[in-house]
Amino acid sequence: QAGGALGLGAFVGLAIAMRCAITDLPQLVAAFHSLVGLAATLTSVAAYMSHPGATSAATLGATCFGVFIGAITFTGSVVAFMKLQGLVPSKEVSLPFKQVFNSSALAGSLACCSLFFTAAAAGATGDAVMALGGVAALGAFLGLHATLAIGGADTPVVITVLNSSSGWALCAEGFVLGSQLLTVVGALIGASGGILSMIMCKAMNRSIVGVLLGIKGTLKKKKKATTSDDNMLCDVERGECVVSDGNAAAGALAAAKRVLIVPGYGLAVSKAQYALADLIALLRANGKEVIVAVHPVAGRMPGQLNVLLAEAGVPYDIVKEMEEVEDNIERFDVSLVVGANDTVNPAAVDDPDSDLAGMPVIQVWRSEKVLVLKRSLAGGYADVENPLFYNANTNMVLGDAKCSIDEMKAGLVEVFGPQCVVAA
């Protein structure tokens, strides 16, 4: 029976994973985390109902913790999935006085845990199960409300935090079931997810407490900093930004000696990694120095862009972390931004009132010229306007990133002449 369930679960999981595009990996991870949380909650309740006589403090505490953290992980991961999938707004949303609601839910959960201990010790199984139901309900509300209140720019951190919480839920589940394997594996997942969360928070110049508890968010929408339509294409006559095309961008790259490339989530959406790898190979074959700079929180989950670049065959030695290039960006003749937005936003440096204020970004505007490949002037995942688009040294190449890169490659072939170049 257990083998059949394991085989069925493995088959379903494999089928889902094989159909998942690489751009949807963050959603897939969040969805699987929710199942871990749900399993921990149900297993903890079922384990108590199967052995109501096991009333040691350690067992009851693990049961209560498993139900609580499992419920938080379940609803929090569902909300994270919906945000990443675009089913709910990516910006922070919460009830007024959200901390009062969150604190009340936490206090109520502790009270229900106390009732569970009392009822379990007295042998009142029904009352104990009802108390666990209260813990699960309040934990579910806390996970839902707290995750909704976290803004879009912090969603990658939420994914790693939920990864950590799913590990601790698994650890509690293993303790309740008496499984050393589940306990050890859960502890490894929980610890590694926590460490990764701290690393990402450091990269964003934020504290984990600030991300989870200090994000402003109400149902009242903020006013835009500008009255223009964010999805409007650039209007040169109105002086909004400078528009370029693939051929003009190719000319700028051909004239450059040193090129910095900054990829973002748009690279994954347009499936342009192979086209970008070919472009890099073409530039390097013609004597250009090319560096690819990856921001620590680029994309929707840690390491997503590194995987894309490696998949396309971009040489590992030219892929650098943000810290490795930030001191010498001025030496680059051209910075090519491919689908990145928040991670190259000058407002993080120049505007203390910006939602991105204080977040380290790749300061591409310090290079001689900037080419931005983007579909429109819309904000990034954090929904913050990007002043980089209007800088005097920025040229916007609007359209699908893959198509734009293909046009640039064709333009470079006209300049350099036909040649056979293999990405390596």
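Position 331 of the sequence shown, counting from 1, maps to 1563 under this note's numbering, and the rest follow consecutively. Glycine included, each C-beta is placed from N, C-alpha and C at the ideal position.
Does DSSP put residue i in a helix, a strand or coil?
{"i": "P1534", "result": "coil"}
{"i": "A1234", "result": "helix"}
{"i": "V1417", "result": "helix"}
{"i": "V1526", "result": "strand"}
{"i": "L1603", "result": "strand"}
{"i": "K1641", "result": "helix"}
{"i": "I1493", "result": "strand"}
{"i": "K1315", "result": "helix"}
{"i": "E1562", "result": "helix"}
{"i": "E1521", "result": "strand"}
{"i": "L1568", "result": "strand"}
{"i": "V1475", "result": "strand"}
{"i": "M1430", "result": "helix"}
{"i": "N1395", "result": "helix"}
{"i": "T1255", "result": "helix"}
{"i": "D1583", "result": "coil"}
{"i": "L1609", "result": "coil"}
{"i": "E1324", "result": "coil"}
{"i": "R1663", "result": "The structure shown does not extend to residue 1663, since the chain is modelled only from 1233 through 1656, so no value can be given for it."}
{"i": "S1282", "result": "helix"}
{"i": "S1266", "result": "helix"}
{"i": "S1502", "result": "coil"}
{"i": "L1617", "result": "Looking at the sequence itself, residue 1617 is Glu, so the reference to Leu does not match. If DSSP states are grouped into helix, strand and coil, E1617 belongs with coil."}
{"i": "M1250", "result": "helix"}
{"i": "L1588", "result": "coil"}
{"i": "G1547", "result": "The displayed chain sequence assigns Pro, not Gly, to residue 1547. Coil, per DSSP."}
{"i": "A1488", "result": "coil"}
Taking the continuous beta strand (DSSP E) assigned at residue i, which residues delimit it?
{"i": "M1629", "result": "Looking at the sequence shown, residue 1629 is not Met but Val. That run of the beta strand (DSSP E) goes 1626-1630."}
{"i": "V1596", "result": "Counting along the chain, V1596 falls outside any beta strand (DSSP E), and DSSP gives it neither H nor E."}
{"i": "E1553", "result": "1551-1553"}
Contact check, residue i vs residue j under 8 Å by CB: the rounded distance?
{"i": "F1564", "j": "S1599", "result": "4 Å"}
{"i": "A1423", "j": "G1498", "result": "Contact doesn't hold; Cβ gap of about 33 Å is too wide."}
{"i": "K1330", "j": "H1283", "result": "About 38 Å; that fails the 8 Å criterion."}
{"i": "N1479", "j": "E1639", "result": "7 Å"}
{"i": "L1620", "j": "N1577", "result": "6 Å"}
{"i": "V1566", "j": "L1514", "result": "With 8 Å as the limit, V1566 and L1514 do not qualify as a contact, their Cβ atoms being about 14 Å apart."}
{"i": "A1262", "j": "S1309", "result": "5 Å"}
{"i": "R1532", "j": "L1316", "result": "6 Å"}
{"i": "A1488", "j": "K1520", "result": "7 Å"}
{"i": "Y1280", "j": "L1414", "result": "So it is not a contact: roughly 16 Å between Cβ atoms."}
Excluding the 5 residues preceding and the 5 following residue i in the sequence, name in chain order all residues of the same chain whose CB lies nearer than 7 Å to its CB.
{"i": "L1338", "result": "L1374"}
{"i": "A1294", "result": "A1404, F1407, V1408"}
{"i": "T1450", "result": "Annotation note: pLDDT 27 at T1450 (below 50); position unreliable, no value reported."}
{"i": "V1443", "result": "I1382, D1386, V1389, C1433"}
{"i": "I1550", "result": "V1522, I1523, V1524"}
{"i": "S1636", "result": "G1478, L1605, V1629"}
{"i": "S1429", "result": "V1389, T1392, V1393, S1396, I1440"}
{"i": "F1297", "result": "A1404"}
Go through its chain and collect everything with a Cβ distance to residue i's Cβ below 6 Å, but skip five positions before and after it.
{"i": "N1623", "result": "W1597"}
{"i": "T1273", "result": "V1299, G1302, A1303, A1368"}
{"i": "G1366", "result": "C1344"}
{"i": "F1349", "result": "L1292"}
{"i": "A1360", "result": "F1348, A1351, A1352"}
{"i": "P1495", "result": "L1537, V1570"}
{"i": "S1476", "result": "N1627, V1629"}
{"i": "T1287", "result": "A1352, A1353"}
{"i": "W1400", "result": "I1301, G1422"}
Span of the alpha helix (DSSP H) holding residue i?
{"i": "K1330", "result": "1330-1354"}
{"i": "D1574", "result": "No alpha helix (DSSP H) contains D1574, which DSSP labels as neither H nor E."}
{"i": "D1359", "result": "1357-1380"}
Can you check whether the CB of residue j is closer than 8 Å to the CB of residue i?
{"i": "V1180", "j": "T1305", "result": "Here the chain covers residues 1233 to 1656 and nothing more, so residue 1180 does not appear."}
{"i": "M1628", "j": "C1473", "result": "yes"}
{"i": "M1591", "j": "M1436", "result": "yes"}
{"i": "A1544", "j": "A1509", "result": "yes"}
{"i": "R1607", "j": "D1632", "result": "yes"}
{"i": "T1379", "j": "V1311", "result": "yes"}
{"i": "L1568", "j": "V1491", "result": "yes"}
{"i": "L1402", "j": "G1426", "result": "no"}
{"i": "A1525", "j": "I1594", "result": "yes"}
{"i": "T1255", "j": "A1500", "result": "yes"}
{"i": "S1341", "j": "G1371", "result": "yes"}
{"i": "S1398", "j": "H1265", "result": "yes"}
{"i": "N1242", "j": "L1260", "result": "What sits at residue 1242 in the sequence shown is Ala, not Asn. Contact: no."}
{"i": "N1625", "j": "K1601", "result": "yes"}
Tell me which residues share the same chain as residue i and place their Cβ nearer than 8 Å to its Cβ, disregarding the 5 neighbours each side in the sequence.
{"i": "K1634", "result": "S1502, K1503, A1504, A1507"}
{"i": "M1314", "result": "V1320"}
{"i": "K1641", "result": "A1482, A1507, D1510, L1511, L1514"}
{"i": "A1589", "result": "A1579, A1580, D1583"}
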